[in-house]
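A.B. asks: Protein chains in written order, with my numbering: chain A, 1 to 75; chain B, 76 to 662.
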Amino acid sequence: MVQVKVKLFATFRTNREKEMMMDLTQGSTPKDVIEHLNIPAEEVAIILINGIHQKLDTPLKDDDTLALFPPVGGG
Amino acid sequence: MNKFIRVNMTTLKVTTEEVPAKYAGLGGRALTSNFVADEVKPTCHALGKNNKIIFAPGLLSGTSAPNSGRLSVGAKSPLTGTIKESNTGGSFSQKMAKMGIKAFVIEGMPTDDKFYVIKIDMNGVTVEEAPTEILGGCGNYEAIRILSEKYGEKVGIGVAGPAGENRLPSANISFKDPEGNIRSAGRGGLGAVLGSKKVKAIVIDDTGAERVSIADPEKFKAASKVFAKAILDHPVSGQGLAAYGTTVLVNILNEAGGLPANNFTAGRIDHNDNISGETLNATITERGGDGKVSHGCHAGCIMRCSQWYPDKNGKYITSGFEYETIWGLGADAGIQNLDDIAYCDREMDDIGIDSIETAVAIAAAMEGGLIPWGDGKAALEAIKEIRKPTPLGRIIGSGTAVVGKTCGLYRTPVVKDQAIPAYDPRSVKGIGLTYATSTMGADHTAGYCISGNILKIGADIDPLKKDGQIEYSRAMQIGTAAVDSTGMCLFVYFGVADNPGGYQALIDMINAQYGINLTSEDVDKLGESVLKVERAFNKAAGFTNAHDRLPEFFEYEPCPPHNAVWDFTPEEIDEVYAFENEEATNC
Numbered sequence: 001m002v003q004v005k006v007k008l009f010a011t012f013r014t015n016r017e018k019e020m021m022m023d024l025t026q027g028s029t030p031k032d033v034i035e036h037l038n039i040p041a042e043e044v045a046i047i048l049i050n051g052i053h054q055k056l057d058t059p060l061k062d063d064d065t066l067a068l069f070p071p072v073g074g075g
Numbered sequence: 076m077n078k079f080i081r082v083n084m085t086t087l088k089v090t091t092e093e094v095p096a097k098y099a100g101l102g103g104r105a106l107t108s109n110f111v112a113d114e115v116k117p118t119c120h121a122l123g124k125n126n127k128i129i130f131a132p133g134l135l136s137g138t139s140a141p142n143s144g145r146l147s148v149g150a151k152s153p154l155t156g157t158i159k160e161s162n163t164g165g166s167f168s169q170k171m172a173k174m175g176i177k178a179f180v181i182e183g184m185p186t187d188d189k190f191y192v193i194k195i196d197m198n199g200v201t202v203e204e205a206p207t208e209i210l211g212g213c214g215n216y217e218a219i220r221i222l223s224e225k226y227g228e229k230v231g232i233g234v235a236g237p238a239g240e241n242r243l244p245s246a247n248i249s250f251k252d253p254e255g256n257i258r259s260a261g262r263g264g265l266g267a268v269l270g271s272k273k274v275k276a277i278v279i280d281d282t283g284a285e286r287v288s289i290a291d292p293e294k295f296k297a298a299s300k301v302f303a304k305a306i307l308d309h310p311v312s313g314q315g316l317a318a319y320g321t322t323v324l325v326n327i328l329n330e331a332g333g334l335p336a337n338n339f340t341a342g343r344i345d346h347n348d349n350i351s352g353e354t355l356n357a358t359i360t361e362r363g364g365d366g367k368v369s370h371g372c373h374a375g376c377i378m379r380c381s382q383w384y385p386d387k388n389g390k391y392i393t394s395g396f397e398y399e400t401i402w403g404l405g406a407d408a409g410i411q412n413l414d415d416i417a418y419c420d421r422e423m424d425d426i427g428i429d430s431i432e433t434a435v436a437i438a439a440a441m442e443g444g445l446i447p448w449g450d451g452k453a454a455l456e457a458i459k460e461i462r463k464p465t466p467l468g469r470i471i472g473s474g475t476a477v478v479g480k481t482c483g484l485y486r487t488p489v490v491k492d493q494a495i496p497a498y499d500p501r502s503v504k505g506i507g508l509t510y511a512t513s514t515m516g517a518d519h520t521a522g523y524c525i526s527g528n529i530l531k532i533g534a535d536i537d538p539l540k541k542d543g544q545i546e547y548s549r550a551m552q553i554g555t556a557a558v559d560s561t562g563m564c565l566f567v568y569f570g571v572a573d574n575p576g577g578y579q580a581l582i583d584m585i586n587a588q589y590g591i592n593l594t595s596e597d598v599d600k601l602g603e604s605v606l607k608v609e610r611a612f613n614k615a616a617g618f619t620n621a622h623d624r625l626p627e628f629f630e631y632e633p634c635p636p637h638n639a640v641w642d643f644t645p646e647e648i649d650e651v652y653a654f655e656n657e658e659a660t661n662c
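#1: Between Gly212(B), Gly255(B), Ala611(B), which lies nearest to Ile666(B) when the distance is taken from Cα to Cα?
#2: Should Asp642(B) be flagged as near chain A, meaning a C-beta pair shorter than 8 Å?
#3: Which residue or residues does DSSP assign as beta-bridge partners of Gln493(B)?
#4: Looking at chain B, which residues of the stretch 44-66 of chain A have a Cβ within less than 9 Å of any of its Cβ atoms?
#5: Between Phe618(B) and the rest of its own chain, which residues show a CB-CB distance below 7 Å, the 5 nearest in sequence each way excluded?
#6: For the stretch 16-40 of chain A, list every residue whose C-beta sits within 8 Å of some C-beta in chain B, in sequence order.
#7: Hey, Ile484(B) and Glu442(B): beta-carbon distance below 8 Å or not?
#8: Is the stretch 317-330 of chain B close to the stretch 605-619 of chain B, with three or more CB pairs under 8 Å?
#9: Can you confirm whether Val4(A), when its beta carbon is compared against all beta carbons of chain B, has any partner nearer than 8 Å?
#10: Go through its chain and collect everything with a Cβ distance to Asp281(B)'s Cβ below 6 Å, but skip five positions before and after it.
#11: With DSSP run on the structure shown, which of helix, strand or coil describes Cys482(B)?
#12: Closer than 8 Å, Cβ to Cβ, to anything on chain A: give me those residues from the stretch 555-569 of chain B, in chain order.
#13: Could you check if Gln3(A) is buried or exposed, using at least 16 other CB atoms within 10 Å of its CB as the buried criterion?
#14: Just list the residues that DSSP pairs Gln3(A) with in beta bridges.
#15: Run through chain A and tell me which residues come within less than 8 Å of Tyr523(B), C-beta to C-beta.
#16: Which residue's Cα is closest to the Cα of Ala341(B): Met197(B), Asp492(B), Glu353(B), Gly409(B)?
#17: If you run the structure through DSSP and keep just helix, strand and coil, what is Tyr191(B)?
#18: Consider the Cβ of His370(B): report whether some Cβ of chain A lies at a distance smaller than 8 Å.
#19: Less than 7 Å between C-beta atoms, sequence neighbours within five positions excluded: which residues of the same chain meet that for Glu650(B)?
#20: With Leu565(B) and Thr555(B) assumed to form a contact (beta carbons below 8 Å), what rounded beta-carbon distance in angstroms separates them?
#21: Taking the CB atoms as reference points, tell me whether Ala494(B) and Thr475(B) lie closer together than 8 Å.
#22: Note down, in chain order, all residues in the stretch 531-554 of chain B with a beta-carbon under 9 Å from any beta-carbon belonging to chain A.
#23: Just the chain A side, please: which residues come within less than 8 Å of Thr322(B) by C-beta, in chain order?
#24: Per DSSP, which one or two residues make a beta bridge with Arg258(B)?
#25: If you run the structure through DSSP and keep just helix, strand and coil, what is Arg16(A)?
#26: Buried or exposed: where does Asp518(B) fall if 16 or more other Cβ atoms within 10 Å of its Cβ makes it buried?
#27: When the Cα of Lys300(B) is compared with those of Asn656(B), Lys463(B), Pro95(B), Pro141(B), which residue comes out closest?
#28: As an exercise, report each continuous beta strand (DSSP E) stretch of at least 3 residues that is fully enclosed by the stretch 201-285 of chain B, in chain order.
#29: Taking buried to mean at least 16 other C-beta atoms within 10 Å of its own C-beta, is Phe339(B) buried or exposed?
#30: How about Pro335(B) and Ala436(B): are their beta carbons less than 8 Å apart?
#31: Using three-state DSSP, classify Tyr523(B) as helix, strand or coil.
#32: Cutting at 6 Å between CB atoms, please list the residues of its own chain near Ile195(B), excluding the five before and the five after it.
#33: Tell me which same chain residues have a C-beta within less than 7 Å of the C-beta of Thr644(B), skipping the five on either side of it?
#34: Is the beta carbon of Val200(B) closer than 8 Å to that of Val82(B)?
#35: Hey, is Ala434(B)'s beta-carbon within less than 8 Å of any beta-carbon in chain A?
#36: Which of the three DSSP states, helix, strand or coil, is assigned to Arg501(B)?
Below, the structure is given as structure tokens:
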């Protein structure tokens, strides 16, 4: 098992906790997390693991922080 | 649009001419920068009689094109010593365009001490003495109210606040928005230029003006529809900006480790959720009253990234409460209370001082021991001193570079004496190249590499690596110079960056309005030409490639959590503007 901190932002917070700890099986990816949270994959624009941009299929490690964002912008 | 108006403040004479042929096809930044390069002596003192200030609507301003109401203001900057184009929302640009005014120039300066109001209407231009009640510390909210009462509720207004009257290098020009609140041509101290010319305010009344003429109305309408759809269909420009405002960026930059904190000593904070866009939205919604989650800064804005932020009793505090201001006070100066930041924002708008420059200056003043770290109440008191101005007020109102020198700091985040905004160049390397090389001094809007580095809109580039950044910053700076010439809000970029049809529709609107046939290559060339003109001015003013550098501390102070440093070599940085000599080679 790996334990991962999951952080959600913007519209992903609607009806969900903004931050949670998740126990996942070895080899789990952000794709597994968003499926578990019922977030459609096409709505995920930015995936950060420990502050680094990653893809849906990047394997998660123990103690990782996963941040998920819908499309956001400003400036 | 064919009128070219000049007001000479030495003689108080007004001249209205046909627009010179060389400026006929230009608008916005292309026009202001070409004019400044042609007529302002590059080595002049920005607050002396030889500087000139020019106001120009964009090519599409005044039409029904969505988000086309931005105004460009140009002059030599008293903050940076470079050429400057600062642009703003409000209703000024659209009124100028409808009145057929291509540009409005103020030159010379009076020898006496009186302040004036310039009034523009369909009968012409008059120069009147400013009412005494709007002078000497009167805030912009009150000045706009008094001027609207005197000249009419619907007039457009641009005003130099107390900071501009006192010629402080970070004074902005504040513009009345559709509800009588404030938008700003914020950066580079153009309010001080207005103040130096003893112009307190410019009032514009478009009563009796006709519609902007369109060469091919059907084609224009069709293109406008495609363009509007591109903006509204994109999740950022269509929904995200309206819901969370620009401060939605707090959390993404914080997670990515690029949110400069405590005067650029870290890239992440713990109290991010106190100041995030999510919290801004929830607070406004919960408080109700005057609060508005979304609001447009000019008529015809369909993105509505602005908002009205109310106090606990629902009473309006401030609007246009932007990410960079909230970041500067909330992360860089460590103020954890969003209400404290809102009162500072209101005060800066009321005094007429750039809220980016001043927020970064406040953080530097905290490092320098002038204000306690993270103390929102003390920060507000310090900002209030700019209104008077006390010596401390003058120091903070002179910007980050002056605060850094006054306090003996080496860690002074500026390029060409303009404060570095809300994205750390060590952990978002693309934006560092824009800060270093922009003709404007450090300016995120001059080539917004955050888009492809962090937001993954329009490109996908690793923010922590150098690969692809030189080309990207160059392309973004060129594209921005072109968009700044159209009167379009820069955020239209989010709608068209990954939508070629949307971008083509923007060009089609310009073609339909003027009966011309620009291609996207022509638009790129326009952007390049603007940058070349600006670079040439800066060179003649004494700037060299050695000025296109970030402060040294970025090279040796790693930025946590990624512990990244700034590692572009001077030669690599200089490649960003490699195109500037291309024409000479071709000849």
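Where a beta carbon is used, it is the ideal one built from N, C-alpha and C, also for glycine.
C.D. replies: The answer reads as follows:
#1: Any answer about residue 666(B) is impossible in this case: the structure gives chain B only from 76 up to 662.
#2: As a first step, residue 642(B) is located in the second sequence; it is residue number 567 there, counting from the start. Not one chain A Cβ lies under 8 Å of Asp642(B).
#3: In the second sequence, residue 493(B) corresponds to position 418, counting from 1. Gln493(B) is bridged to Val490(B).
#4: Ala45, Ile46, Leu48, Asn50, Gly51, Ile52, His53, Thr65
#5: Working through the second sequence from its first residue, we reach residue 618(B) at position 543. Correct list, in chain order: Thr157.
#6: Lys18
#7: The count along the second sequence starts at 1 and reaches residue 484(B) at position 409. The count along the second sequence starts at 1 and reaches residue 442(B) at position 367. The sequence shown places Leu at residue 484(B), not Ile. For Leu484(B) and Glu442(B), yes; Cβs fall inside 8 Å.
#8: no
#9: The sequence position of residue 4(A) within the first sequence is 4, counting from 1. Chain B contact via Cβ: absent.
#10: By 1-based counting over the second sequence, the position of residue 281(B) is 206. If we look at Asp281(B) and ignore the five residues flanking it on each side, its Cβ neighbours are Lys170, Lys173, Met174.
#11: Mapped onto the second sequence, residue 482(B) falls at position 407. Coil, per DSSP.
#12: Leu565, Phe566, Phe569
#13: Taking the first sequence and counting its residues from 1, the one referred to as residue 3(A) is at position 3. Looking at its Cβ environment, which holds fewer than 16 other Cβ atoms inside 10 Å, Gln3(A) is exposed.
#14: For the purposes of this step, residue 3(A) is identified with residue 3 of the first sequence, where counting begins at 1. BP columns for Gln3(A) point to Asp23(A).
#15: Along the second sequence, read from residue 1 onward, the residue named residue 523(B) stands at position 448. Those within 8 Å of Tyr523(B) in chain A are Gly75.
#16: Within the second sequence, the letter at position 266 stands for residue 341(B). Of the candidates Met197(B), Asp492(B), Glu353(B), Gly409(B), the one whose C-alpha sits nearest the C-alpha of Ala341(B) is Gly409(B).
#17: The residue labelled residue 191(B) in the question sits at position 116 within the second sequence. Strand.
#18: Locating residue 370(B) in the second sequence gives position 295, where the first residue counts as 1. With 8 Å as the cut-off, His370(B) does not count as an interface residue toward chain A.
#19: Walking along the second sequence from the start, residue 650(B) turns up at place 575. Once the five neighbours on either side are set aside, the close Cβ partners of Glu650(B) are Ile545.
#20: To locate residue 565(B), count along the second sequence from 1; it is residue 490. To locate residue 555(B), count along the second sequence from 1; it is residue 480. Correct: roughly 7 Å between the Cβ atoms.
#21: By one-based count along the second sequence, residue 494(B) stands at place 419. By one-based count along the second sequence, residue 475(B) stands at place 400. A contact, by the Cβ cut-off of 8 Å.
#22: Lys531, Ile532, Asp535, Asp537, Pro538, Leu539
#23: For the purposes of this step, residue 322(B) is identified with residue 247 of the second sequence, where counting begins at 1. Under the 8 Å cutoff, chain A gives Gly74.
#24: In the second sequence, the residue the question calls residue 258(B) occupies position 183. According to DSSP, which records beta bridges pairwise, Arg258(B) is partnered with Phe250(B).
#25: On the first sequence, position 16 is the one that residue 16(A) refers to. Residue state, collapsed to three classes: coil.
#26: Stepping through the second sequence from its first residue, residue 518(B) is reached at position 443. Result: buried.
#27: Working through the second sequence from its first residue, we reach residue 300(B) at position 225. It is Pro141(B) whose Cα lies nearest to the Cα of Lys300(B).
#28: 231-235, 248-251, 257-260, 274-279
#29: Translated into the one-based positions of the second sequence, residue 339(B) becomes position 264. By the 10 Å Cβ count, Phe339(B) comes out buried.
#30: Indexing the second sequence from 1 puts residue 335(B) at position 260. Indexing the second sequence from 1 puts residue 436(B) at position 361. For Pro335(B) and Ala436(B), no; Cβs fall outside 8 Å.
#31: Locating residue 523(B) in the second sequence gives position 448, counting from the first residue. Residue state, collapsed to three classes: coil.
#32: Numbered from its first residue, the second sequence carries residue 195(B) at position 120. Once the five neighbours on either side are set aside, the close Cβ partners of Ile195(B) are Ile279.
#33: Here residue 644(B) is taken as the residue at index 569 of the second sequence, counted from 1. There are no such residues.
#34: Against the second sequence, residue 82(B) aligns to sequence position 7. Against the second sequence, residue 200(B) aligns to sequence position 125. Contact flag set, yes.
#35: Here residue 434(B) is taken as the residue at index 359 of the second sequence, counted from 1. Not closer than 8 Å to any Cβ of chain A, the Cβ of Ala434(B) fails to qualify, so no.
#36: Along the second sequence, one-based indexing puts residue 501(B) at 426. Three-state result, Arg501(B): coil.
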